[in-house]
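Here is the structure we will look at, set down as structure tokens.
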Amino acid sequence: MGSGSAVPDQRITNEQLASRVDTSDEWISTRTGIRERRILSELESFSQLCKKAGSLAIEMAGWDPESIDLLILATSTPDDLFGTATKIQAGVGANKAVAFDLTAACSGFLFALVTASQYLRSGSMKRALVIGADQLSSWVNWDDRKSCVLFGDGAGAVAIEASDVQDDLLGFKLRSDGQRGDCLTLPQISDFQALLQETSYQKGGFLPIQMNGQEVYKFAVREVPLILGNLMQELEINSESIDWLLLHQANKRIIDAVADRFKIPYSKVLTNLSNYGNTSAATIPLMLDEAVRDERIQKGHLIATSGFGAGLSWGAAFIKWHGPI
Ligand code: ACO
3 MGSGSAVPDQ RITNEQLASR VDTSDEWIST RTGIRERRIL SELESFSQLC
53 KKAGSLAIEM AGWDPESIDL LILATSTPDD LFGTATKIQA GVGANKAVAF
103 DLTAACSGFL FALVTASQYL RSGSMKRALV IGADQLSSWV NWDDRKSCVL
153 FGDGAGAVAI EASDVQDDLL GFKLRSDGQR GDCLTLPQIS DFQALLQETS
203 YQKGGFLPIQ MNGQEVYKFA VREVPLILGN LMQELEINSE SIDWLLLHQA
253 NKRIIDAVAD RFKIPYSKVL TNLSNYGNTS AATIPLMLDE AVRDERIQKG
303 HLIATSGFGA GLSWGAAFIK WHGPI
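Using the working numbering, you'd call the opening residue of the sequence shown number 3 and step up by one each time.
See below:
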């Protein structure tokens with residue numbers, strides 16, 4: 003019914019990054035498609051981004067915030083380990099909604115969208131706000147050129163509503179594989195300290211993102227076409243009927259490889275990672291909102307979407323954009 007998004011004001015170009023780590027605009031843009039990213043500064047906050055994206059989605063849907071039953075915030079970077087969703091619930095005025103965080107890294111938005119849709123399909127809830135947002139800039143090692151050039155901060159949101167008339171989530175598939183999870187982690191620090199005599203406790207804290215880029219790349223170009231293809235077969239959808247391919251924005255080469263696999267012309271492929279990099283759980287709703295607001299995505303358009311990332315986790319869904327009534 004509605005979408006919204008928000009990115010920080012602070013912009014960091016590839017050239018600027020090259021003054022900190024041994025890299026270049028040429029290397030980053032040819033290998034990834036990224037030219038700049040937005041990073042939260044001390045003048046803005048993660049919660050503010052989430053609230054702005056959520057409020058814009060509610061506004062587009064034309065909803066009274068008090069009519070929302072459920073708010074799910076997909077994030078791996080809450081500003082409070084007990085959860086950020088309730089702060090956003092209060093911020094957008096969704097006072098009657100139950101709110102919780104959901105973590106599935108870059109697949110988080112898709113997992114949260116599907117989770118919310120199950121509450122709506124069961125009839126127990128009517129309206130949900132699903133937000134995907136991350137501040138990975140806090141967890142990147144800014145001296146590791148192999149990973150720091152990839153990520154940015156952002157937030158995106160959708161407002162979804164149960165309907166007796168039609169179900170615009172045509173189908174989905176979600177997958178997890180913890181056995182391959184080691185290639186992308188943001189692990190807890192192993193820092194045990196003395197508590198009392200002969201007892202210890204683990205002091206909280208996390209290491210920066212640890213990534214084997216090539217393994218993640220291979221995983222994405224193998225699994226995304228597989229899961230999308232299986233879902234297309236199941237739903238009896240052929241690639242010509244897809245209006246938009248909207249993949250997690252991690253690397254332009256991954257997106258192009260999937261489009262090529264299904265012979266989807268690049269004119270039907272949505273990408274904005276040159277401006278924002280990989281904003282993790284935010285990429286899909288951030289791109290969706292941009293294309294809705296500039297009227298590329300129209301009512302009834304069929305969107306093939308797929309998210310993938312740490313866990314490992316991945317998924318795909320076919321969605322028809324409805325938009326406000
Ligand atoms: N600038 C310049 N040179 C670099 C940089 C850089 N920023 N980074 C790496 N290099 C160098 C390497 O050191 C290496 O040099 P060497 O051959 O002398 O050792 C060379 O470039 C090639 O490195 P590769 O790692 O082989 O480069 P590749 O073509 O695989 O591209 C990349 C790396 C862009 C990371 C790619 O593997 C990728 O996109 N992987 C997917 C990562 C991803 O999407 N992660 C997020 C998942 S989503 C989530 O859940 C958070």
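Glycine residues also receive a C-beta, built at the ideal position from the N, C-alpha and C atoms.
Residue i Cβ short of 7 Å to the ligand ACO heavy atom set
{"i": "M62", "result": "no"}
{"i": "C108", "result": "yes"}
{"i": "L186", "result": "yes"}
{"i": "V142", "result": "no"}
{"i": "S1", "result": "Nothing about residue 1 can be reported from this structure: the residues present for the chain run from 3 to 327 only."}
{"i": "I321", "result": "no"}
{"i": "G215", "result": "yes"}
{"i": "T307", "result": "no"}
{"i": "T281", "result": "no"}
{"i": "A312", "result": "yes"}
{"i": "K148", "result": "yes"}
{"i": "N253", "result": "yes"}
{"i": "V218", "result": "yes"}
{"i": "V1", "result": "The shown model of the chain, from 3 to 327, leaves out residue 1, and the question about it has no answer."}
{"i": "R39", "result": "no"}
{"i": "I229", "result": "no"}
Whole-angstrom C-beta distance between residue j and residue i, which should lie under 8 Å
{"i": "G6", "j": "G56", "result": "6 Å"}
{"i": "T25", "j": "V151", "result": "6 Å"}
{"i": "A1", "j": "A107", "result": "Since the displayed the chain opens at 3 and closes at 327, residue 1 lies outside it and no answer follows."}
{"i": "A63", "j": "G4", "result": "3 Å"}
{"i": "I244", "j": "K270", "result": "7 Å"}
Candidates the options, of which the one nearest residue i by Cα
{"i": "S109", "options": "V223, Q120 and S315", "result": "S315"}
{"i": "R295", "options": "G325, G279, I41 and K270", "result": "G325"}
{"i": "Q190", "options": "L172, L198, L176 and Q212", "result": "Q212"}
{"i": "L248", "options": "A306, E217, E236 and V226", "result": "A306"}
{"i": "Q195", "options": "K205, T15, L186 and E236", "result": "K205"}
{"i": "G35", "options": "G279, I162 and F320", "result": "G279"}
{"i": "A8", "options": "S149, R22, R39 and I30", "result": "R39"}
(request) Could you tell me whether the stretch 145-163 touches the stretch 271-287, where touching means 3 or more Cβ pairs closer than 8 Å? (result) As far as the Cβ criterion goes, the stretch 145-163 touches the stretch 271-287, which means the pair count is three or higher.
(message) Whether or not the stretch 113-123 and the stretch 224-244 are in contact is what I'm after, with contact meaning three or more pairs of Cβ atoms, one per stretch, closer than 8 Å; do they touch?
(response) no
(message) Quick test of the definition: if touching needs 3 or more C-beta pairs under 8 Å, does the stretch 84-91 touch the stretch 41-53?
(response) Because the criterion of three Cβ pairs below 8 Å is met, the stretch 84-91 and the stretch 41-53 touch.
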